[in-house]
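Trainee: Taken in order, these protein sequences are the chains called A and B. This note's numbering puts the first sequence at residues 7 to 143. This note's numbering puts the second sequence at residues 7 to 143. Dropping a structure here in structure tokens format, bear with me for questions.
There are 2 protein chains.
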Amino acid sequence: MSTWEETLSQAGCRITAPRRAVMQVLAQTEWPLVPQEILALGVKLHATLSLVTVYRTLELFEELSLVRRVHQDDKCQGYLLTAAGHRHVLICEKCGRAVEFPGQDDLTALIARVEKETGYLIAAHWLQLRGVCPTCR
Amino acid sequence: MSTWEETLSQAGCRITAPRRAVMQVLAQTEWPLVPQEILALGVKLHATLSLVTVYRTLELFEELSLVRRVHQDDKCQGYLLTAAGHRHVLICEKCGRAVEFPGQDDLTALIARVEKETGYLIAAHWLQLRGVCPTCR
DNA sequence: TAATTATTGTAAATTACTTTCAATAAGGGA
DNA sequence: TCCCTTATTGAAAGTAATTTACAATAATTA
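If you want it as structure tokens, here you go:
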């Protein structure tokens, strides 16, 4: 049983063909995919896969931190497999390829400063970078 | 003529009652508003204001950097008046109130590090914080 | 292997957003 | 100041995205 199947199982969820299809599609792709795109690729793996199920599966996977939702100017429903331990996303503006990178430590100073300046107690941060990947340069 | 009217005028756009209404609504509110909410508040200032116009106005204002779009888990169309020179948003998870803060400098080191590690050339960054504001604590 | 119940897919409903187009009104020039 | 040009508006229709309802199916557990 692979890691994500473990996670699912431990959460009391079932491992099904549609869920395998969605997971496999995401595992094969290096850029954020929207539900429609996941469906299009997923039906090749599980013929009866439906859009509703894609939505539901993504919602579940996100709750279990198996996938991460990525917001971009044109679309806010791009999904990406979560790299363990890493926290932020860097997306290529040419080809869309995304990589993740750790960034917790770099932000602690900034967060402390902003807490002091604003009086807010900061609970979560959300950092996303955009640029050009090595291949596209 | 106020600053935003100058900006509009210089861009060759007209200053109209609907646009004034939208601007005034945003100026009065400290948290991100979605088009529907802007409409609801805006009709009090300009009775015939329509949702279509709200969408179009926000699109224009965003192009002119008069407003900023804010993404949150539940909604991706929250609009906030842009504070000049400042770059990032901090939103209270209790009341929704948002403040902006400057953050360019704190990120340059992080960006340089990630460029080196990933080989990407970073063009833009997007940082958003979530927390609890002084009033809600 | 059977029973339980989580999960799925179809279809319909809802919500969000965009486009079209005729009517209106802003603002530059006479 | 008034007229004329044309940007802007709002109603309505259209499209796309997302959610809900529910009966049928299939994954697990005993």
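In this text, a Cβ means the ideal position worked out from N, Cα and C, and glycines have one as well. Remember, it's a predicted structure, so these values are computed and weren't measured experimentally.
Who are Q134 of chain A's beta bridge partners in DSSP?
Mentor: DSSP lists A:V95 and B:W132 as partners of Q134 of chain A.
Trainee: Should R25 of chain B be labelled buried (16 or more other beta-carbon atoms within 10 Å of its own) or exposed?
Mentor: When all chains shown are included, R25 of chain B counts as buried.
Trainee: For the alpha helix (DSSP H) that G84 of chain A lies in, which residues bound it at each end?
Mentor: From DSSP, G84 of chain A is part of no alpha helix (DSSP H) but of the beta strand (DSSP E) over G84 to L87.
Trainee: Do you know whose CA, among A:V95, A:G125 and A:W37, lies nearest W132 of chain A's CA?
Mentor: The option with the nearest alpha carbon to W132 of chain A is A:V95.
Trainee: Kindly list the residues whose CB is nearer than 8 Å to the CB of G151 of chain A, restricted to its own chain and excluding five residues on each side of it in sequence; keep chain order.
Mentor: Residue 151 of chain A falls outside the range modelled here, since chain A spans only 7 to 143, and no answer is possible.
Trainee: What do you reckon, are the CB atoms on V73 of chain A and L87 of chain A nearer than 8 Å?
Mentor: Contact flag set, yes.
Trainee: Who are the Cβ neighbours of V138 of chain B in its own chain at under 7 Å, not counting the five residues just before and after it?
Mentor: Closer than 7 Å at Cβ, skipping near neighbours: C98, E99 and K100.
Trainee: When you check each C-beta in the segment 97-127 of chain B against every C-beta of chain A, which residues fall closer than 8 Å?
Mentor: So the close ones are C98, E99, V105, F107, G109, D112, L113, A115, L116, I117, R119, V120, E121, E123, T124, G125, Y126 and L127.
Trainee: Applying the 10 Å Cβ sphere with the 16-neighbour rule, what's the burial state of M7 of chain A?
Mentor: M7 of chain A should be labelled exposed.
Trainee: At a Cβ threshold of 8 Å, is R62 of chain A touching chain B?
Mentor: Closer than 8 Å: no.
Trainee: Could you round the C-beta distance between R143 of chain A and E36 of chain A to whole angstroms and report it? I think they count as a contact, below 8 Å.
Mentor: R143 of chain A to E36 of chain A, Cβ: 16 Å. No contact.
Trainee: In angstroms with no decimal places, state the Cα-to-Cα distance between Y126 of chain A and D79 of chain B.
Mentor: Their Cα atoms are separated by approximately 19 Å.
Trainee: Quick one: list the residues of chain B neighbouring A90 of chain A, beta-carbon separation under 7 Å, in chain order.
Mentor: By Cβ distance, chain B contributes nothing, its closest Cβ being about 17 Å from A90 of chain A, past 7 Å.
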